[in-house]
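> Below: one structure in C-alpha cells.
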Amino acid sequence: MAKAQQPLLYVFLAIPVTYLVALIGFPVFYNLVMSVQDVNLGNISSMIRPFIGLDNYREVIADPSFRKVFINSILFVGVNVVAQIVIGLSVALFFSREFPGAGLLRGLLLAAWMLPALVVGALWKWIFATEYGLANAALTSLGLVDAGVHWLSDPRIALTSVTIANIWFGMPFSMILIAAALIAIPRELYEAAALDGAGAVARFRYITLPSLTATLLAVACLVTIYTMRAFDLIYAMTQGGPLDASNVLPLLSYQFSFQQFKFGIGSAIGTFSFVIVFVVALVYVRTLKKEAVS
Amino acid sequence: MSVRIATAPRVGWPYTLIAICGVALYLFPIYWMFTSGLKTSAEIFANPPTLIPQNPTLEAFAHVFARENVLRYLRNSIAIAAPVTILTLVMGAMGAYAMSRLRNRLVDVALVTVLMLQVFPEALLATPMFIIFRALDILNTFAAVILATTSKTLAFALVVLRPMFRQVPIELEEASRVDGCNSWQTFWRIVLPLMRTPLIVVGTLAFVQAYGQFVYALTLMSDQELQPATVGIYSFVGAEYADWHRVMAFSSVFVAPVIILFLIMQRKIVAGLTAGALK
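Chains as they are written, first to last, in the numbering used here: chain A, 50 to 343; chain B, -8 to 270.
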C-alpha cells in the first residue's frame, strides 16, 4: 500500500471509532460512575454528586426483586440460546436439502426478524390475549386446554410467554447464520463418509456437528447479546409484570432510573448486565479471530 | 455423480410443499396482524376468532388515520430513520474502507473496540445518554434520538461492510493512482461504486433498525408531537383495554414499508447478514 494514502485512511478510521467511543464507550463509563454515586432528580444536572462507594450495589443485592429478575434473565437468555440453536439448526438442516424454492423459502422466514421488536411485542400480546386471543382459541379447539390460559397475567406463565415470543422473533436470524455455515461444509467430506458406510446419524455426529462448533458458539454468543438487550418486546407485552414475573435486567434498570428516579440503583443493575455481555462479547471476538485464522 | 446423489438426495417437490406449509405457519402471526386490522369492532371480539375476516373493512385503518395521528407518527419515524441511515452509511463506509486497507495493530484494536461496543443494551445506555444530552441541551429533539440510534447502526455497519471492502482488489486502486487520482478520488470514484450493493443492504438494515427504534425515543423525548410510531403503538397497547383491530391496523401501516423493503431485498439481506456476523 502506497504511503501517500495512509493519512486519509487514518482519518477515515478515526471518525467512526471516535463516534462510537463517545456515544457508547463514554455512557458505559458514566454508568459505572453513577453506580457508585447517590444520584437523584435533585442532583442529576450537576456533575458533582456524593460518592457512596458500593452502597447501591449492596442495596441492589439485598433487594429480593433483583434476585428474582436476575434468575429470570438467566432463564430467558438460556432458554432462548438453547431453543434458537436447536430449532435453528433443525430448520437449517431441513432447508439444506436440495428442493425447488429452498433458498427463497428459508429467506422468507427472516421476515419475522425484520419486524420492529415493539410491534412483535404488541402482536404477541394480542395473540396471547386471554379472552379473544389466537393462542387460547387454537389450544381449546385442539382440546389441549379446557379454559383460557392467562398467558400474560399469570405470574407462573408470563416469563414462558415472553420467551416464546422472543424465540419466534430471533430464531430466523440464528437459523440463517447456521445455514450459511452448513453450506460451507465441503461436500467431499460427506461423500467420503458415505463411501465408508457412515449413516445419516453418523455423518451428522462426526461431520456436521464438529464443522459447526465455531459457528454454533458464535451464534450462542450473539443470541445471548441480543436477548440480554430485549426490552421493547417485554415492555410491550407485560412491562415485566405481573410482580416482576417476566422482568429482565435492562428493564428493571430502566424502571429504577426512569420510573422511580433512583438513577444510582438503575446504574448498579446496569453494571451486572454490562459484565455479562462484556464476557460473552470477549468469547465472541475470540471465536471470530480463531475462525479468521483457520 | 452417483455418490453426490447418494449423499445429498435431491428430494424434490414434496419437500417444497412441506416447506411452504411450515413457512406459512411460522409467519402466520404476521398474517394475523394484517387481517386483525381488517376486522370490525364486533368481529375482533368473536369467540372463536375468525381466521379470515368475514366482513373485511378499512374502518380500523380509517380510524387510526383520522384519530390517532398515524401520519404524524410515521413522519417522525422517517425523520429519525433517514438521517440515521445517511450518517451510518457515510461513517460506516469510511471506517470499513480504512479497516480493510490498513494492516497494523491499531486497526486490530479499533475492530475489537467496535465489536465490543456493539453489545451494550440500549435500555442501559439510555440513562447516561439522557444525562449527557441534557447537559448538551438537546433532549426532546430528533437530534438526540438520531445520534443515539446511529451508535447502534454504525457498529453493525462497520462489522458487515469491512469484509465487503476487502473484496475490492488493491490493484484497481493502484491503477487509479497511476492514472493520477489522489486517495480521496480513488475512494470516491473507484471503490464506492463497486460497493453499491453492500451499501444498499446496510442502508436498508440501518433504516429498518432506526425506523423501529423505541427505547431512545421513549427516554430522550417527552414531547408527544415528536414521538415516532413505535411510541405511538406502545401508548396504544399499554392501556389495560386495547382496541386490538385498531392497534393491528396501526401496526400494519407502520410495518408495511419494512415488509416491502424486505421482500425486494431478501436475497441480498441474507447474504449481507451472514457475511457480517461471522467473518
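Note that the Cβ used here is the ideal one computed from N, Cα and C, for glycine as well.
Of all Cβ atoms in chain A, is any one closer than 7 Å to the Cβ of Gln257 of chain B?
Gln257 of chain B counts as touching chain A.
> Nearest CA to the CA of Tyr303 of chain A: which residue from A:Pro291, A:Ser295, A:Ser316, A:Leu292?
The shortest C-alpha separation from Tyr303 of chain A is found at A:Ser316.
> Given a threshold of 16 other Cβ atoms within 10 Å of its Cβ, counted over all protein chains shown, does Lys52 of chain A qualify as buried or as exposed?
Note that Lys52 of chain A scores 48 on pLDDT, short of 50, meaning its location in the model is unreliable; the coordinates nonetheless yield the value given after this. That one is exposed.
> Along the segment 3 to 21 of chain B, what residues have a CB closer than 7 Å to any CB found in chain A?
For the segment 3 to 21 of chain B, which is checked against every Cβ of chain A, the residues closer than 7 Å are Gly3, Trp4, Tyr6, Thr7, Ala10, Ile11, Val14, Tyr17, Leu18, Pro20, Ile21.
> Using the beta-carbon count (16 or more within 10 Å), is Tyr59 of chain A buried or exposed?
Exposed, by the Cβ-count rule.
> Along chain D, in chain order, which residues have C-beta atoms closer than 8 Å to that of Arg125 of chain B?
Given the protein chain composition of this structure (A and B), no chain D is represented.
> I'd like to know whether the C-beta of Arg278 of chain A is nearer than 7 Å to at least one C-beta of chain B.
Yes, Arg278 of chain A counts as interfacial toward chain B.
> For a cutoff of 7 Å on Cβ pairs, would you count Ile325 of chain A as touching chain B?
False, the Cβ-Cβ gap to chain B never drops below 7 Å.
> State the beta-bridge partners of Gln86 of chain A as determined by DSSP.
BP columns for Gln86 of chain A point to A:Phe100.
> Rounded to whole angstroms, what is the Cα-Cα separation between Leu152 of chain B and Leu183 of chain B?
Cα-Cα distance, rounded: 12 Å.
> What do you reckon, are the CB atoms on Leu231 of chain A and Ala141 of chain A nearer than 7 Å?
Yes; because the gap between Cβ atoms is below 7 Å, this pair is in contact.
> With a cut-off of 7 Å, does the C-beta of Asp281 of chain A fall near any C-beta of chain B?
For Asp281 of chain A, the answer is yes, since a Cβ of chain B falls inside 7 Å of its Cβ.
> Taking the C-alpha atoms as reference points, what is the distance between Pro221 of chain A and Glu180 of chain A?
Taking the straight line joining both Cα atoms gives about 29 Å.
> Please classify Ile255 of chain B as buried or exposed, where buried requires at least 16 neighbouring CB atoms within 10 angstroms.
Flag for Ile255 of chain B reads exposed.
> Would you mind stating whether Leu80 of chain B and Leu190 of chain B have Cβ atoms separated by less than 7 Å?
Yes; because the gap between Cβ atoms is below 7 Å, this pair is in contact.
> Hey, does Arg92 of chain B have any beta-carbon neighbour from chain A nearer than 7 Å?
Yes - at least one Cβ of chain A is within 7 Å of the one on Arg92 of chain B.
> Which value, in whole angstroms, describes the spacing of the CA atoms of Arg(-5) of chain B and Ala242 of chain A?
Here Arg(-5) of chain B scores only 43 on pLDDT, less than 50, and its place in the model is too uncertain to base an answer on.
> Candidates B:Tyr17, B:Leu116, B:Tyr64, B:Leu8: which alpha carbon is nearest Ile136 of chain A's?
Checking every option, the nearest Cα to that of Ile136 of chain A belongs to B:Tyr17.
> What residues from the segment 189 to 215 of chain B come within 9 Å of chain A, judged by C-beta to C-beta, listed N to C?
Cβ contacts with chain A come from Leu196, Val199, Gln200, Tyr202, Gly203, Gln204, Phe205, Val206, Leu209, Thr210.
> Give the C-beta separation of Tyr207 of chain B and Ala117 of chain B to the nearest angstrom, bearing in mind that I take them to be a contact with Cβ-Cβ under 8 Å.
At roughly 6 Å, the Cβ-Cβ gap stays under 8 Å, so Tyr207 of chain B and Ala117 of chain B are in contact.
> Expressed to the nearest angstrom, what Euclidean distance is found between the alpha-carbon atoms of Val250 of chain A and Ile256 of chain A?
Those two C-alpha atoms are separated by around 10 Å.
> Name the chain B residues that come within less than 7 Å of Lys174 of chain A, Cβ to Cβ?
In chain order: Val228.
> Measure from the C-beta of Ile254 of chain A to each C-beta in chain B and report whether the shortest distance is under 7 Å.
The question names Ile, yet the displayed sequence has Arg at residue 254 of chain A. Not an interface residue.
> For Ala294 of chain A and Ala207 of chain A, which I take to be in contact (beta-carbon distance under 8 Å), what is that distance rounded to the nearest angstrom?
The Cβ separation is near 4 Å, so the contact holds.
> Do you know offhand how far Gln309 of chain A's Cα is from Gln86 of chain A's?
Roughly 16 Å separates the two Cα atoms.
> Give, in chain order, every residue of the segment 50 to 69 of chain B whose Cβ lies closer than 7 Å to some Cβ of chain A.
Flagged: no residues at all.
> Using a Cβ cut-off of 7 Å, pull out every chain A residue sitting near Leu108 of chain B, in sequence order please.
Those within 7 Å of Leu108 of chain B in chain A are Leu69, Ile73, Gly74.
> I want to verify the contact list: residues of chain A whose CB lies under 8 Å from the CB of Asn38 of chain B, in sequence order.
Correct list: Glu180, Tyr181, Ala186.
> If you follow the alpha helix (DSSP H) that Ser276 of chain B is in, where does it begin and where does it stop?
Residue 276 of chain B is absent from the model: chain B starts at -8 and stops at 270.
> Could you have a look at Val60 of chain A and say whether DSSP puts it in helix, strand or coil?
Helix, per DSSP.
> Could you name each continuous alpha helix (DSSP H) segment of 4 residues or more that falls completely within the segment 159 to 202 of chain A, going from the start of the chain to the end?
For the segment 159 to 202 of chain A, whole alpha helix (DSSP H) runs of length 4 or above, ordered along the chain, are 160 to 163, 166 to 176, 183 to 190.
> According to DSSP, simplified to helix, strand and coil, what is Glu108 of chain A?
Looking at Glu108 of chain A - three-state DSSP - the assignment turns out to be helix.
> Are the segment 79 to 94 of chain B and the segment 249 to 263 of chain B touching by the rule of at least three beta carbon pairs closer than 8 Å?
The segment 79 to 94 of chain B is not in contact with the segment 249 to 263 of chain B.
> Using beta-carbon positions only, say whether Ala171 of chain A and Val238 of chain B come within less than 7 Å of one another.
The answer is yes: Cβ separation under 7 Å.
> Hey, does Ile224 of chain B have any beta-carbon neighbour from chain A nearer than 7 Å?
Yes, because at least one Cβ of chain A sits closer than 7 Å to the Cβ of Ile224 of chain B.
> For Ala294 of chain A, return the contacting residues in chain B, with the cut-off set at a CB-CB distance below 9 Å.
Near Ala294 of chain A there are no residues of chain B at all, since even the closest Cβ is about 17 Å away, more than 9 Å.
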